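Enquirer: Residue 259 in this note's numbering sits at position 259 of the sequence shown, and the numbers go up by one each step.
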Amino acid sequence: MLSHIDQREIPRALQHLLARQQPDGAHALPRRSFLKLAGIGGLAIGAFPLTSAAQGGAAADESLKPTQQPSAFVRIAPNGEVTVVINRLEFGQGVLTALPMILAEELDADWTLVRAEHGSSDPAYADPLWGIHLTGGSNSIKHSFTQYRELGARARAMLLQAAAARWKVDVATLRTQSGAVMGPGGLKLGYGELAEAAMAQPLPQKVALKDPKDFRLIGKPTNRLDAKAKSSGRQDFGIDVHLPGQLTAVVAHPPVFGARLKSVDDSAARAIKGVKAVLRVPLDRGAEGVAVVADGYWPAKQGRDALKLQWDTSTVEKVDSDKQLAQYRELARQPGPRHFDADMSPMDKAPRRIEAEFVFPYLAHAPMEPLNCTVQLGDGKAELWVGSQLPGVDGNAAARVLGLKPEQVTMHVQMAGGGFGRRAVGTSDYVVEACEIAKAARAAGLNAPVRMVWSREDDIRGGYYRPMHLHQARIGFDEQGKVLAWDHVLVGQSITSGTLFEGGMVKNGIDATAPEGMREPYPIPMRLTVHHPK
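1. Report the option in V181, D110 and L243 whose CA atom is closest to the CA atom of L377.
2. For the region 123 to 203, which segments carrying the beta strand (DSSP E) assignment without a break, of at least 3 residues, lie completely within its bounds, in sequence order?
3. Measuring CB to CB, does P337 end up less than 9 Å from I510?
4. Can you list the alpha helix (DSSP H) stretches of 4 or more residues lying completely in the region 227 to 282, in chain order?
5. For the 8 Å Cβ check, are there 3 or more pairs between the region 391 to 409 and the region 112 to 128?
6. Just verifying my parser: in three-state terms, what is the DSSP assignment at D429?
7. For the candidate residues W311, A294, S497 and R75, whose alpha-carbon lies nearest to that of P449?
8. From what residue to what residue does the alpha helix (DSSP H) around E117 run?
9. Should R31 go down as buried or exposed, given a rule of 16 or more other Cβ atoms within 10 Å for buried?
10. Compare the beta carbon distance of F237 and G417 with 9 Å and say whether it is the shorter of the two.
11. Buried or exposed for Y430, going by 16 or more other Cβ atoms inside 10 Å?
12. Do you know offhand how far A519's Cα is from P202's?
13. What's the C-alpha gap between H488 and P346?
14. State the DSSP-derived secondary structure class of L309, mapped to helix, strand or coil.
15. I'd like the list of long-range same chain contacts for V491, defined as Cβ closer than 6 Å, with 5 residues on each side in sequence excluded.
16. Between the C-alpha atoms of R423 and A366, what's the straight-line distance to the nearest angstrom?
17. In chain order, what residues of the same chain lie with their CB nearer than 6 Å to the CB of A198, ignoring the 5 residues before and after it?
18. Looking only at its own chain, which residues have a Cβ that is under 8 Å from the Cβ of P351, when we skip the five neighbours before and after it?
19. Measuring alpha carbon to alpha carbon, tell me which residue in N447, D379, L89 and F340 is nearest E516.
20. Report yes if the C-beta distance between A342 and R527 is below 9 Å; otherwise report no.
21. In three-state DSSP terms, what is Q15?
22. Where does I40 fall in DSSP's three states?
23. What separation, rounded to the nearest whole angstrom, lies between the Cα atoms of E369 and I239?
24. Tell whether a beta-carbon distance below 9 Å holds between V84 and E150.
25. Out of curiosity, what's the CA-to-CA distance linking V453 and C435?
26. Reducing DSSP to helix, strand and coil, say where E106 ends up.
27. Which residue from L363, L107 and A440 puts its Cα closest to that of L402?
28. Please tell me whether L371 and D305 are closer than 9 Å, where the distance is taken between their beta carbons.
29. If you draw a straight line from the C-alpha of R175 to the C-alpha of G296, how long is it?
30. Does the contact criterion of 3 or more C-beta pairs under 8 Å hold for the region 91 to 109 versus the region 207 to 217?
31. Taking only three categories from DSSP, how would you classify L64?
32. At the level of alpha carbons, what is the spacing between Q22 and V114?
33. What three-state label does DSSP hand P23 in the structure shown?
34. Just reading off the beta strand (DSSP E) that L90 is part of, what are its end residues?
35. Does DSSP classify I5 as helix, strand or coil?
36. Taking the alpha-carbon positions, what's the L134 to K168 distance?
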């Protein structure tokens, strides 16, 4: 969904979208966030419990943003094992290895002792440039390369200070190598031996980074941290979450967008062994569905398939692909908002011209792992296990549905089997659906965690598609083939209109995600007209 969006297209209001919904904001590190980060187990560099200034210790520097605090990203166990927390969703692209490599490079960690895990929806794990939790657009390394280098360098500096204090030597006489601090006369301490003492060291604001010529991990071939688990079938994904007493829900969605549920005969479904409840639940964008909750996926799916439902499709919009394409071609001939608007007189004078049309049909994202989300409700709190590209947005959506504050919702980001934007829907459709089911199940007396699962067929039939787009281009050349002018018309639905991203992404009638491939103008006269039909 959100691919290759330039941060310049995201105004301050959107960058702080999540901060506005959290009382403490995203750029101050509140006590609540510190406590969350401190409770993740093991020894954390600079993490709570920290000694107070009165006790001679140094608290984490609050002048640094949460995204700059090593305490959120690095844990060092007594045995020297280093756990790096990633601020992105791993769904096949390799960030579970790449980001730890970057941090471990500056930390001088022993790569054989490096592990990785997902972060939560805490402000610390927001994109450092966009200020929201987002995995999309191939921006993970681009946006977090320097961030993770600095995190590793800060943690290394604190370990060096701890070693200098223990040995009572000048820190300038020390060096690090493969997970250990080396000192004069053969002194050596592993990071695990220094981790606790490093917690009390001042957090450096500025750190020197390595010269790229000295890299020993970055740019070098290495095995992925998740390769063995995935190859052996031991890797858990969101769909593999199993909590004590967990139930599974499968939903009968409207057969087409806009269909209204008229009647439900659930007698056959309720008779299936393992079915616990049949619930009418609100879905995304005002739709309604019927959820079958059961002991497992198979009885839930059998129950869903046994439902006898009547739908009212009388008001459903009739869409014909051929007619839609004809409408798009007609719209392409009309004036519209322009992203670039150069003088096209060189086109008229060009001795050679090429005119081309490209049609991209509606396309299902079709991630390999079907959509799923597990919800456990408690008194005044909720926990969600989900492979989300937008955990902050999804967490806030869950809070709204459940009548909770954002800080009362804990997001456990899970490994996902592909996403391609399907797990980054601004309306949080399948996450909201899971929360509605869990809420309805609890109201029906089922006080158990509920895992909602879409089948692959459900997603192909009823999920959101990449919109159909029409491109028409005229390109003028001189006799030698040099481009003299480019006139381009784009027609396609906006993917951010009607979502919480609309205010920040749609400007002057143009969705910033639409012309991204031509956002940076070539040094030639260019005109780009954009139409966004409903």
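We put the beta carbon where it would ideally sit given N, CA and C, even for glycine.
Bear in mind the structure is a predicted one, so any value in this text is a computation, not a measurement.
Expert: Concretely, from the data shown:
1. L243
2. 175 to 177, 180 to 182 and 188 to 190
3. yes
4. 227 to 232 and 267 to 270
5. yes
6. helix
7. A294
8. E117 -> not in any alpha helix (DSSP H); beta strand (DSSP E) instead, spanning V114 to H118.
9. Bear in mind that the predicted position of R31 carries a pLDDT of just 36, short of 50, making it too unreliable to give a figure here.
10. yes
11. buried
12. Before going further, note that residue 519 is Arg rather than Ala in the sequence given. So the two alpha carbons sit approximately 43 Å from each other.
13. 14 Å
14. strand
15. Y328, L331, A332, L470 and H531
16. 11 Å
17. I45, M158, L159 and A162
18. F477, D478 and E479
19. F340
20. yes
21. Only weak support is given to the placement of Q15: the predicted model assigns it a pLDDT of 42, under 50, and the value that follows is read from those uncertain coordinates. Three-state DSSP puts Q15 in a helix.
22. With a pLDDT of 36 at I40, under the threshold of 50, the predicted position of this residue should be treated as unreliable, though the coordinate-derived value follows. If DSSP states are grouped into helix, strand and coil, I40 belongs with coil.
23. 8 Å
24. no
25. 12 Å
26. helix
27. A440
28. no
29. 55 Å
30. yes
31. coil
32. Reliability fails at Q22, whose pLDDT of 39 lies under 50, so the model's placement of it is uncertain and no value is given.
33. The pLDDT assigned to P23 is 33, lower than 50, so where the model puts this residue is not dependable, and the model offers no usable value.
34. Note on identity: in this sequence residue 90 is Glu, with Leu being the wrong assignment. Neither: E90 is in no beta strand (DSSP E) and is coded neither H nor E.
35. Residue placement at I5 is poorly supported in this model, since its pLDDT is 41, which falls under 50; the coordinates still yield a value, given next. Residue state, collapsed to three classes: coil.
36. 44 Å
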